[in-house]
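The structure under discussion appears below in the form of structure tokens.
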Amino acid sequence: MIEKNFFLADEAEMLALARRLANVVSESATTPEQALTFYLFGELGAGKTTFSRGFIQVLGHQGNVKSPTYTLVESYELDPWQIHHFDLYRLADPEELEFMGIRDYLDTNTIILAEWPQRGAGVLPEPDMTIVIEYADTSRSLTFGALTTRGRELLDKL
Numbered sequence: 005m006i007e008k009n010f011f012l013a014d015e016a017e018m019l020a021l022a023r024r025l026a027n028v029v030s031e032s033a034t035t036p037e038q039a040l041t042f043y044l045f046g047e048l049g050a051g052k053t054t055f056s057r058g059f060i061q062v063l064g065h066q067g068n069v070k071s072p073t074y075t076l077v078e079s080y081e082l083d084p085w086q087i088h089h090f091d092l093y094r095l096a097d098p099e100e101l102e103f104m105g106i107r108d109y110l111d112t113n114t115i116i117l118a119e120w121p122q123r124g125a126g127v128l129p130e131p132d133m134t135i136v137i138e139y140a141d142t143s144r145s146l147t148f149g150a151l152t153t154r155g156r157e158l159l160d161k162l
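Below you can see the structure in the form of structure tokens.
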């Protein structure tokens, strides 16, 4: 795994980094058929949804990006991508994803942003990249880990 670390002083810097990643995804997408999966790790309130909001809005979503804590997933149709933002914090068993029809969310032109992915282990697709968000006093430290060739290509450009 290849890693890159970032120190972010505030929410504005978090959103800016999320936007940079979204722009890299958008610019380097040779075809939308390349599905991507990002796992977001961090404690409650660390900034996983904030990061997701910045990412989703750059790819074309107008309006609010709400946390899928209670719905488990919020989907966004953004040409050419379908983005599915999962928050699995309340998931009791990974098999619940099968009952909700997770296979319907996995397509070739899909980007998965999964918060609390460890709760969907064995059912979620393997990640191209992990993003670990940690508290650093009032700031945040982010560690990006590339796990696939596609993830490494994106990380190199970030």
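Residue numbers (the numbering used here): 5 to 162. Virtual Cβ for every residue (Gly too), placed ideally from N, Cα, C.
{"Check": "By alpha-carbon positions, which one of Leu12, Thr41 and Leu146 ends up nearest to valine 127?", "Outcome": "Thr41"}
{"Check": "Give me whichever residues DSSP pairs with threonine 3 in a beta bridge.", "Outcome": "Residue 3 lies beyond the residue range present for the chain, which begins at 5 and ends at 162; the question has no answer from this structure."}
{"Check": "Measuring CB to CB, does glutamate 119 end up less than 7 angstroms from leucine 48?", "Outcome": "no"}
{"Check": "Any idea which residues DSSP pairs tryptophan 85 with across the strands?", "Outcome": "Leu82"}
{"Check": "By the 10 Å Cβ neighbour count, where 16 or more other Cβ atoms means buried, how is glutamine 61 classified, buried or exposed?", "Outcome": "buried"}
{"Check": "What number of angstroms, rounded off, separates the C-alpha of phenylalanine 59 from the C-alpha of aspartate 108?", "Outcome": "22 angstroms"}
{"Check": "State buried or exposed for glycine 105, treating a residue as buried only when at least 16 other CB atoms are found within 10 Å of its CB.", "Outcome": "exposed"}
{"Check": "Any idea what DSSP makes of lysine 52, helix, strand or coil?", "Outcome": "helix"}
{"Check": "What would DSSP say about leucine 25, mapped onto helix, strand or coil?", "Outcome": "helix"}
{"Check": "Check whether the Cβ atoms of threonine 147 and glutamate 17 sit closer than 7 angstroms, and answer yes or no.", "Outcome": "no"}
{"Check": "Excluding five sequence neighbours on each side, which residues of the same chain lie with their C-beta closer than 6 angstroms to the C-beta of leucine 117?", "Outcome": "Phe42, Ser56 and His89"}
{"Check": "Going by DSSP, which residues form a beta bridge with arginine 144?", "Outcome": "Leu12 and Tyr139"}
{"Check": "Exposed or buried, aspartate 97, counting other C-beta atoms within 10 Å across all chains shown (16 or more means buried)?", "Outcome": "exposed"}
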